[in-house]
Structure formats: C-alpha cells, structure tokens
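Colleague:
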Amino acid sequence: MSPRELAVRYGFLVLFAALVIYFALAAPGFVSPQSAVFVFQSVAITGVLALGVTATLVVGGFDLSIGSVATSSMMAAAYAMVVLDQGVFVAVAACLAIGIIVGLINGFLIVYMRVPDLLATLGMMFLLVGLQRIPTEGRSIAAGMTMPDGSVAPGKFSEAFLTLGRHRFDFFTPNLVPVSVVVLIVLAVLIWFFLEYTRFGRMMYAVGSNERAAELAGAPVKAYKIWAYVISGIFASIGGILLAARLGRGDIASGNNLLLDAVAAALIGFAVLGASKPNAFGTAIGALFVGVLLQGLTMMNAPYYTQDFVKGAVLVVALVFTFALSAKAKR
Amino acid sequence: MNITRRTFALLTLGLMGATALGGLPALAADRPAPFDKPESVKIALVRYLSTGDFFQAYLAGVQAQAKALGVDLRVFDSQQDAALQSDMVDQAIALGVQGIIIQHGLTESMKDAAQRAVDAGIKVVAFDVNVENAKIPQIEQSDKDLARLALEQAIKDNGEAWKAGYVYVAGIAPLDRRNETWVEFKKKYSGIDEVAQFGTLDNPIANSVANQARSVLSANPDIKVMFAPYDEFAKGVKIAVDEAGKNKDIKIYSADISTADISAMREKDSAWAATAATNPAVVGQVSVRALAMLLAGEDPGHSVVVPPTLITQKDLIEKDIKNMEELGEKLPQFAHADVAMPAWMPNPNAK
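Just so you know, the sequences run in chain order A and B. Quick note: the first sequence uses this note's numbering, first residue 1, plus one each step. Quick note: the second sequence uses this note's numbering, first residue 1001, plus one each step.
(1) The segment 1319–1348 of chain B: which residues have C-beta closer than 8 Å to a C-beta of chain A, in chain order?
(2) In this structure, does DSSP put methionine 113(A) in helix, strand or coil?
(3) With a CB to CB cut of under 7 Å and the five nearest residues on each side skipped, what residues in its chain are close to valine 1038(B)?
(4) Closer than 9 Å by beta-carbon distance: list the chain A residues that pair up with valine 1216(B), in chain order.
(5) In three-state DSSP terms, what is glycine 1022(B)?
(6) If we cut at 9 Å on Cβ distances, does proline 1229(B) have a partner in chain A?
(7) Assuming contact is defined by CB atoms lying nearer than 9 Å, are glycine 155(A) and methionine 74(A) in contact in what I supplied?
(8) Could you have a look at isoleucine 1311(B) and say whether DSSP puts it in helix, strand or coil?
(9) Using a Cβ-Cβ cut-off of less than 7 Å, give me the residues of the segment 1173–1203 of chain B that come near chain A, in sequence order.
(10) Compare the C-beta of proline 3(A) with all C-beta atoms of chain C and state if any pair is closer than 9 Å.
(11) Would you tell me roughly how many angstroms separate the C-alpha atoms of isoleucine 1239(B) and threonine 136(A), rounded to the nearest one?
(12) Which residues in chain A have a C-beta closer than 7 Å to the C-beta of glutamine 946(B)? List them in chain order.
(13) Please check the pair leucine 258(A) and glycine 67(A), which I expect to be a contact at CB under 8 Å, by giving their CB distance rounded to whole angstroms.
(14) Rounding to the nearest angstrom, what Cα-Cα distance links glutamate 1267(B) and methionine 1345(B) in this structure?
(15) Output, in chain order, the set of chain B residues within a Cβ distance shorter than 9 Å of alanine 253(A).
(16) Taking the alpha-carbon of glycine 60(A) as reference, which of Arg212(A), Phe30(A), Ala264(A) and Met300(A) has the nearest alpha-carbon?
(17) Looking at the structure shown, is aspartate 1256(B) part of a helix, part of a strand, or coil, going by DSSP?
(18) Could you confirm whether any beta carbon from chain A is found closer than 9 Å to the beta carbon of aspartate 1077(B)?
(19) Name the two residues that bound the continuous alpha helix (DSSP H) containing leucine 1073(B).
(20) Between the segment 1270–1280 of chain B and the segment 1149–1156 of chain B, are three or more C-beta pairs nearer than 8 Å?
(21) Give me the residue from Val90(A), Leu64(A), Ile226(A) and Leu190(A) with the minimum Cα distance to valine 336(A).
(22) Check the Cβ of serine 1263(B) against every Cβ in chain A and list those closer than 8 Å, keeping chain order.
(23) Please report how far the alpha carbon of serine 1040(B) lies from the alpha carbon of proline 1342(B), in whole angstroms.
(24) Contact defined as beta carbons within less than 8 Å: I believe valine 1225(B) pairs with threonine 1200(B). What is the distance between those atoms, to the nearest angstrom?
(25) Taking the DSSP output, what are the residues bridged to tyrosine 1166(B)?
(26) Give me, in chain order, the residues of the same chain whose beta-carbon lies closer than 6 Å to that of leucine 128(A); leave out the 5 immediate sequence neighbours on both sides.
(27) Could you compute how far the alpha carbon of proline 3(A) sits from the alpha carbon of alanine 324(A)?
(28) Under three-state DSSP, which class holds phenylalanine 270(A)?
(29) Residues of the segment 51–83 of chain A with a CB closer than 9 Å to any CB of chain B: list them in chain order, please.
(30) In its own chain, which residues sit with a C-beta less than 6 Å from the C-beta of tryptophan 1162(B), not counting the 5 before and 5 after it?
(31) Quick one: list the residues of chain A neighbouring valine 1169(B), beta-carbon separation under 7 Å, in chain order.
(32) What are the complete beta strand (DSSP E) segments, minimum 3 residues, inside the segment 1277–1344 of chain B?
(33) If you measure from the beta carbon of glutamine 1080(B) to each beta carbon in chain A, is any gap under 9 Å?
(34) Going residue by residue through the segment 4–80 of chain A, where are the continuous alpha helix (DSSP H) segments of at least 4 residues, counting only ones entirely within it?
(35) According to the neighbour-count rule (16 or more other Cβ atoms, all chains shown, within 10 Å of its Cβ), is lysine 1248(B) buried or exposed?
(36) Which bits of chain B does serine 180(A) rub up against, with CB to CB less than 7 Å?
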C-alpha cells in the first residue's frame, strides 16, 4: 500500500487517536470510564439522527427534515403523556408513527412528485417546525402546564418513559451506561449490518451509485428510495424519544442544530477508512469524533464559538480527505 | 431577546380572567383627563418581537391594563422587520393615536420614527429599546437586579467562598447585563473562584448545555455552585448534575421562571436552589401605565424599572406552589409591581 493510500485509509483514525491522546494529557479527568460514557451520551441523539441520514445519503438523497422530525416527536411524546394522559407505550408509538409517516411523505414527494430531495425535505422541515406548535399554540409542554383554554394539563411524564433517558446499566462500574448510549450502539450495529451485508442494503448502495443502471437491472428503485426516507424518519423519531426522555418535557425547538451536527457526523464518516461514500461505521466514528472534540474543549474551558470553529475545521479536513486525496489515489 | 424569557402566558391568562371577573374598576369619571372619557383614548403598541411565551405574556399584560383603563388599544406587529416597524409608527400617527408603546426594535431604525411621533404631539414610551430621546421614558426590567438577587441568595446559602461554574454566552444583551453583576460579585467576594465558564445557545438549549455541563463537572468535581442566569441554562445544568449524581453537592442559581422550572425546582433533593424573575405580564402592564401617566400630564420618570422577585426552592415547597398561577397567587409581589401606580390608576390585578 502506498503512503498516500495509507494516509487516506487510516489518516482520519490516526487523527482521532491523536486527539484523544492530546486531551488525555491536557484535560485532567478526560480518561475515565465516566468520561467515555459522557462522550457517547452527548453524541447519542445526534448519532442516531446521523445514522438515519446516512441511509438517505446511501441512495443518493438527503434528508433535511430529521432535526424537526426529532423535535416534533419529542413534542408528540410530551403531548401524549402530559395533555392526553397516556402511558409510555402510546407516547413511543406516536413518535414512531410520526417518523414513519414523515418518511413516507418525503419519499412520496421525492419519488412520485419528482420534487428534488433537498427541496422536499426542506419544505417538510418548515412544515414540522410549525406543526409541532399548533396543538399547544406555541407553548412548550411540561407537567402542570396551563392549556390555551385555561385548564391544567392532567398528565405527567410516565416513569417508564423517563427511564429511557435516565436509567443506567451496570457496566464495569454500577450505573454507568445510560439507555441512550445502548440505543445508539444497537442502532449503529443494526444499520451497519443492514447496509453492508444484506441484499437490501447493497441494493440501496447500487441505487445511490447509479440509479438508471439499478433500474435497468430490475431493481425496484422507487421502493428502495422511499424505504431510505422511512428509515431516516424512524431514526430521527427515536432520537426525539431519547431527547424527550432526557429533558423530561416537550420543548419548542427547530432542531436545526441537531440536523447540522448529524449531517456533519455523516459527512465526516465519508473519510473514515477511505470509504469516500456514506457508511454507518464512518458515521458512528464521525459522531464520536465530534463528541470527543466538544467534550475535551469544554473541559479545557474553551468558549462555544471556538467549538463551532473547530467542528467546521474538522468537517473541512474530512471532506478534503474524502474528495481530494482519495480521488487521486483511485486514478 | 426572545430566548431569554419564559412561559408567563399561563399566569397572564389567569390575570386576564381575574380582571374579567374582578368587577368594575373605580369610576372612570374620577380619573384625570383624558381618562375621564377613556373610550376616546386610542393607544398603539408597536412590536418588533412577538413570537414566544415571553412576548405573548407581555402582550396579555398590555391588553389587561388597557382594558382596565378602558382605552382603545391597537396592536402593530412587525415580526422582526425593522423597516416595517418604523413604518408602523407612521401608520399609528396617521391613525390619530394619542400614545404609542414601542416594544423592542433597533435604535437605528426607531430613533427617527419615535422623534416623528413626539413631533406630532404623541406621547411615547419604549420597552427594551433605546430610542435616545429625553422625552421618551424607558421601561426596563432590571437584569442586573435579577442577577444580584440570585447571587445574594447564593452567598446566603453557601457563604462567601466557593468554587463556581458559570454559564454565559456573550453578545446577548440581557445576558451581558447579568454578566456585569457576576463580574462585580467576583470582585467583591474574592472567595468566589470561577473554575469553569461554558454555555451555548444551540437548540434545544437545555440538551446542549447539559452535555457541556457534564464535561465541566467531570473536569472540576469540586464545584459547589453553578450560576446559570437564564432558565434554559439552569435546566441543562440540572440534567447534568442529576446524571452525575451530584444533586446534593451542588446548588444552581438562575434567572427567569416557568411552570416547568417550578416543577424542576420542587423535585426531591433538587440542586436548583433559587431563581430571580420578572413577570412579563407585569412589564406589559407597567408599559401601559407609564404611557397613561404621560397622557394625564404626569411624569413616570425617564427610567421605569420593573423590579424582579426572588423565588427560592423553600418558598415553592412551603407555599406549595406548583405552577405559574399559584406563583402569582401566593407570591403577590410577582403578580403585581407597584410601579407607575398613581392613586387613580386602575389595577388590572385587583380581585
């Protein structure tokens, strides 16, 4: 393997390792099981969203609505429990239903209405940001809130639901790993296996690399594309469930930061192992990379704008790895 | 601005209800002109910011006081369009209003418009926007007092020497003003040691701040006090403190309040010890009252400050306050401020 190939293949992982070593030396308390879990926990929600958007990137699409799907399902969960006084099952089902429905609509708009993916999902994003505010007339949802008609909401967040955000499994030390981290890891393994090793996943890559060829080969291209958006919607709504369980209330939010962080993670993932294409393993590493970076910088008291700056710099470097270096290596 | 205040719409609904049920206020004829014939008085509220709980509650307060006075209120909402807001002042002038409340906006775009209104003989007050005009009273909520109340409580609870974590994002006007007080306190009490400063406005704010606070807590396990002078920050810090299992070792002091904040503060062994807040509905009422005083030929003063209220965990638990309505009922100083309140002024909060 030539040095360039080595650089393309392992450069990003080396960078990642160097970063961890640097913070371990510079920030006291960075190396500990707790600290590692914090990193996972802080990227769990954006990580789940990023894995979802990876599915749409694989079929050559894009999903801008994931952030608002997540916040909408957070509001739906809060609404179901606080206002409608339902239990954990209804709340989770409502969230997943939102993810599936939005995914189907996105897919329908893109495949059958021929709206370009960015535009269709952009529209959906705005629609959801507005929609999530309609039931409560723009108020955030918390137990004991007053409804627009003056009555007091009867329900509260069910304990079982909050467990999703607050329970910790014993792992080496007691009460270490939060549910959200387990969800992230399970979903990452699932989507990785699905995309890399199942026929369905390989066909999605085929659709993404050459839609016409895939169609001529007899693949139901339209179905694959719609499925990709449904996967993305479901993952985003799971992210919303985790968010609601952590916050313990329904917060009016556009979710744009969730979207941007998730997309950044997925794009950084292109560079991991020189893949030069969307891949679940890379996305997970990308999310962790951003998490480690933010954790370390915060521990060193870096102000928030330097964190955005560094995040942007990492993304640019990753994209250079992906596009410039690997393209030359292939020639 | 719209990120710094919380849900008061709830309280305001209650206030409006109370007004509606509260029977007739003192007879209009006892009041100075022009409020002896209030139906002939037309005032305008020209808004720059309107989305969000804070602004809804502010509007409700303006409406409640206008109704108590019996005057005709017109609301112009520019939805963050600075040029449109300036045009709306001209529209209000053309409409023949006697008084205008300018609510937020940019000094550059509103200064001239405000001057035109004053030149047309219209009385003007401004809330949270400096229009650089000696004839226009400024309605303010005192961010410095908010921070001071919370920090004084922190000193009272924890003594004069502790390690502190501080949540701050520079460049947001109210947070900057609160920061000035924090800087003064650190100077005054040399025992306060700020070991970490963090903060972000990434949406959802509580979630992003929680992630940061987790890192800060593991880097600085000896922090005793977290000063988070905005309730979304405080919520995030509380999540992190709970997740780290340090809720008995750390106390959180903040500013602003909402129903969700109240329930977070009331939780068993909650780290959130106290918050200081101004009620936006009261700020709305004070805006109308200051304008009414001008119209009646009285002087509300150039700077009309609405004082904040300190709300401690102990208050909430002892008085069994569970939401914003009960807060207004059981802490009366929160529901009403005795500012711009001459004897003839009807009180929209009177039962």
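The beta carbon of each residue, even a glycine, is placed where N, CA and C say it ideally should be.
Modeller: By the coordinates alone:
(1) Hits within the stretch, in order: Lys1322, Asn1323, Met1324 and Glu1325.
(2) Reduced to three states, the DSSP call for methionine 113(A) is coil.
(3) The sequence given here places proline at residue 1038(B); valine does not occur at that position. Contacts found: Ala1028, Leu1069, Gly1070 and Val1071.
(4) Under the 9 Å cutoff, chain A gives Thr298, Met299 and Asn301.
(5) Caution applies to glycine 1022(B), whose pLDDT of 41 falls short of 50 and renders its modelled position unreliable; the model cannot decide the point.
(6) Not an interface residue.
(7) Glycine 155(A) is not a Cβ neighbour of methionine 74(A), given a cutoff of 9 Å.
(8) In the three-state DSSP reduction, isoleucine 1311(B) falls in the strand class (E or B).
(9) Residues Ala1196, Gln1197, Phe1198, Gly1199, Thr1200, Asp1202 and Asn1203.
(10) Protein chains A and B are contained in the structure displayed, whereas chain C is not.
(11) Isoleucine 1239(B) and threonine 136(A) have their alpha carbons spaced roughly 24 Å apart.
(12) Outside the shown range of chain B (1001 to 1351) lies residue 946(B), about which nothing can therefore be said.
(13) A Cβ-Cβ distance of about 4 Å is found for the pair leucine 258(A) and glycine 67(A), placing them in contact under the 8 Å criterion.
(14) If I take the Cα positions, the gap works out to 40 Å.
(15) Neighbours of alanine 253(A) across chain B, judged by C-beta separation under 9 Å: Asn1203, Pro1204, Ile1205 and Asn1207.
(16) Taking only the C-alpha atoms, the option nearest glycine 60(A) is Arg212(A).
(17) Note: aspartate 1256(B) maps to coil in three-state DSSP.
(18) Among the residues facing chain A, aspartate 1077(B) is not included, as its CB has no counterpart in that chain under 9 Å away.
(19) Taken as a continuous stretch (DSSP letters only), leucine 1073(B) belongs to no alpha helix (DSSP H), being part of the beta strand (DSSP E) at 1072–1077.
(20) Judged by Cβ distances under 8 Å, the segment 1270–1280 of chain B makes contact with the segment 1149–1156 of chain B, as three or more pairs qualify.
(21) The requested residue 336(A) does not occur in the structure, where chain A is confined to residues 1 to 331.
(22) By Cβ distance, chain A contributes Ala142, Ala143 and Gly144.
(23) Distance from the CA atom of serine 1040(B) to the CA atom of proline 1342(B), rounded to whole angstroms, is 21 Å.
(24) The Cβ separation is near 20 Å, so there is no contact.
(25) Tyrosine 1166(B) pairs with Gln1197(B) and Phe1227(B).
(26) By the criterion of a C-beta distance shorter than 6 Å, leucine 128(A) is surrounded in its chain by Ser68 and Ser72, once the five residues flanking it on both sides are discounted.
(27) For proline 3(A) and alanine 324(A), the distance between alpha carbons rounds to 15 Å.
(28) Taken through DSSP and simplified to helix, strand or coil, phenylalanine 270(A) comes out as coil.
(29) Listed by position along the chain: Gly67, Thr71 and Met74.
(30) Take tryptophan 1162(B), set aside five residues on each side of it, and the residues of its chain with a beta-carbon closer than 6 Å to its own are Lys1224 and Val1225, in chain order.
(31) At a C-beta separation below 7 Å, valine 1169(B) has these neighbours in chain A: Tyr304.
(32) Listed in chain order, they are 1303–1306 and 1309–1312.
(33) Judged by the 9 Å Cβ criterion, glutamine 1080(B) is not in contact with chain A.
(34) The segment 4–80 of chain A contains these whole alpha helix (DSSP H) runs: 33–58 and 66–78.
(35) The C-beta of lysine 1248(B) has fewer than 16 other C-beta atoms within 10 Å across all chains shown, which makes the residue exposed.
(36) Those do not exist, as serine 180(A) stays about 11 Å from chain B at its closest Cβ, beyond 7 Å.
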